[in-house]
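Residue numbers (my numbering): 465 to 881.
Here the structure comes first, spelled out in structure tokens, and everything after it is commentary.
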């Protein structure tokens, strides 16, 4: 019997100790869950008080959570009174709601592609047959004015002959005593020369024809621009028509990167803003946003954002996949510390310091989550102060209360035995 009495005394002492701890944590958690609260008794001595504060009446354990849950269920605003002594005894910390400007880089992937404004498509304006090619494979670097291929065309041969005849007629007509006859010879030469020019016969080739008086069976065609051959349909012996693209040349000195950006990030992307790409070897290169596609891809909910890069050494090659980072700088936004926000799963709440030892529970709307802060969409103003670490206090009270309930249950079973 004595052993049982001693055991029960020890158990009741432990229960009493845990009850006191629960009352203390209940007071701490009151910042978030009680509409009104009086300070609890604190045993520890605070270093920053000149005189120890007088003891405050204790709050029944669990009262904080119950009142907070009732206020939350009714969507009411809880007002809590915490005097200066209690605030310092609890180590209450507050943070000021402030406007802050900070980078929110948008990271995505992109594909390198040629600048469409620097793509040249080579075609003939006349039917014929290719006799020889000097642009022989895709990827070959071609310089402007470099020979690409030679073309035999019966029409070109006939027009050269007509031009030589017109030149001779001009000389003969020039000897006429009639002005009309003299002028007609010049008109015929000009019309024939114009036809050759429209078929891309160069002035140098026309001058050589005039000088030699010899018709060229095959006319050489030259590259109209510098670039890399990205497509080729010109082969010796191939018959060509005016609608066939024989070569496609891409100038890669300026390159595009097309990135997929989610619609939620598009509001902060602007034309002209800086962006960077990370190449497979880990190096980076900077460019700028040149175009934002106004159409959203319905399956991925993304839009194409085009960045433009200088590419003098062709490090960026068409077809490459790269990581893209956009240096997005949104307007200054209200921010609060993450530990000041109580997320119930339905609402986000904060305890606002109203002054005169009053704290009010207020619902807010948060935006993006940073490393240490939330952006605030509504519910707070710059300069207001909010309490911190409220969720931690509530979790501590809940755990301690659960331990006491388990101990009570165990002691009840022991007494029944």
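Just so it is clear, CB atoms sit at the ideal spot from N, CA and C, and this is done for glycine as well.
Computed from a prediction, not measured in an experiment: that's the story for all the values here.
Check, Outcome
"The alpha helix (DSSP H) enclosing residue 590, as first and last residue numbers", "First-last for residue 590: undefined, no H or E at that position."
"Span of the alpha helix (DSSP H), counted from its first residue to its last, around residue 676", "667 to 676"
"Cβ neighbours of residue 803 in the same chain (closer than 6 Å, five flanking residues each side left out)", "852, 853"
"Whole-angstrom C-beta distance between residue 698 and residue 713, which should lie under 8 Å", "That belief does not hold up - the Cβ atoms of residue 713 and residue 698 are roughly 12 Å apart, past 8 Å."
"Residue 571 and residue 787 closer than 8 Å at C-beta", "yes"
"CB contact flag (residue 596, residue 706, <8 Å)", "no"
"Residues near residue 725 by beta carbon distance below 7 Å, same chain, minus five either side", "570, 572, 733, 766, 767, 769"
"Residue 835 Cβ short of 7 Å to the ligand GTP heavy atom set", "With respect to small molecules bound, the structure shown includes none, and the ligand GTP cannot be examined in it."
"For residue 580, three-class secondary structure by DSSP", "helix"
"Whole-angstrom distance between residue 661 and residue 652, CA atom to CA atom", "15 Å"
"Proximity of residue 585 and residue 709 at Cβ, strictly below 8 Å", "yes"
"Opposing strand residues paired with residue 600 [DSSP bridges]", "BP columns for residue 600 are empty, so no partner."
"Residues near residue 729 by beta carbon distance below 6 Å, same chain, minus five either side", "570"
"Start and end residues, alpha helix (DSSP H) containing residue 727", "727 to 730"
"Residues sharing a beta bridge with residue 761, DSSP", "766"
"CB contact flag (residue 798, residue 561, <8 Å)", "yes"
"Neighbour-count burial assignment, residue 579, 16 or more Cβ in a 10 Å radius", "buried"
"Nearest-angstrom Cα separation, counted from residue 636 out to residue 622", "21 Å"
"For residue 523, the three-state DSSP class (helix, strand or coil)", "Bear in mind that a pLDDT of 40 at residue 523, under 50, signals an unreliable position, so the number given afterwards is only what the model happens to contain. Coil at residue 523, not helix or strand."
"DSSP beta-bridge partners of residue 780", "Looking at the DSSP assignment, residue 780 forms no beta bridge with any residue, so it has no partner."
"Option nearest residue 695 by Cα separation, candidates 771, 599, 818, 576", "599"
"Where residue 791 sits in the DSSP three-state scheme", "coil"
"Residue 636 (DSSP reduced to helix, strand or coil)", "helix"
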